[in-house]
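Q: Below is a structure I'd like to ask you about.
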């Protein structure tokens, strides 16, 4: 099947048929050929080559073309176009080009806000950029649509562990900045005051005793 599609693509290229001259079905088929070739490169870990194929597939379905599509034809086009954006995102994440990966996923989510792969890969890219809360939001949305997905649950668990580690680090930092709270020192007794109080009491007692004897 793959060889047949390559042959079809080659024949169309030789004829020099411009995209604008192709029917809707032909453009979608040509895009699908590029997508399949991109997938083959991806399996071989040839990421740059894979992305070139995905970009060419997406080029067959530009904004002007998509704007004209309705119903089943739009669905057919998106069934090819969206996986290309998602596969591009997967390549970009592996290449650590996280901002570009986020952009590819966002294109898919603009068409399909419940797309689990787009939410997950965008969350992954955001997490790598340190955008923790935004990443968590994407992962939680993905979990809503796929609650048993182990990869999503793993990423949420990793974020929770990062939060805990950050809290402990900040706690130690603040402790180091302000130091331990000094312990309250016991107040020393003022022995002089105690002595004078005792002396006054003694004098008062002796005076009273003396008065009683003279009565």
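Numbering (UniProt numbering), first residue to last: 1 to 215. Glycine included, each C-beta is placed from N, C-alpha and C at the ideal position.
1) Less than 8 Å between the C-beta atoms of residue 47 and residue 105, yes or no?
2) Leaving aside the five residues before and after residue 216 along the sequence, list all residues of the same chain whose C-beta is less than 8 Å from its C-beta, in chain order.
3) Taking the continuous alpha helix (DSSP H) assigned at residue 149, which residues delimit it?
4) Please state whether DSSP places residue 18 in a helix, a strand or coil.
5) Suppose you measure from the CA of residue 142 to the CA of residue 135; what does that come to, to the nearest Å?
6) Based on Cα-Cα distance, which residue from 173, 120, 26 lies nearest to residue 219?
7) Between residue 128 and the rest of its own chain, which residues show a CB-CB distance below 7 Å, the 5 nearest in sequence each way excluded?
8) Is the Cβ-Cβ distance between residue 100 and residue 120 less than 8 Å?
A: Quick answer:
1) No, the pair does not count as a contact, with Cβ atoms beyond the cut-off.
2) Any question about residue 216 goes unanswered here, given that the chain covers just 1 to 215.
3) Where residue 149 is concerned, there is no enclosing alpha helix (DSSP H), given that its DSSP letter is neither H nor E.
4) coil
5) 11 Å
6) The question about residue 219 has no answer here: the residues shown for the chain are numbered 1 through 215.
7) 98
8) Result no, Cβ atoms of residue 100 and residue 120 do not sit closer than 8 Å.
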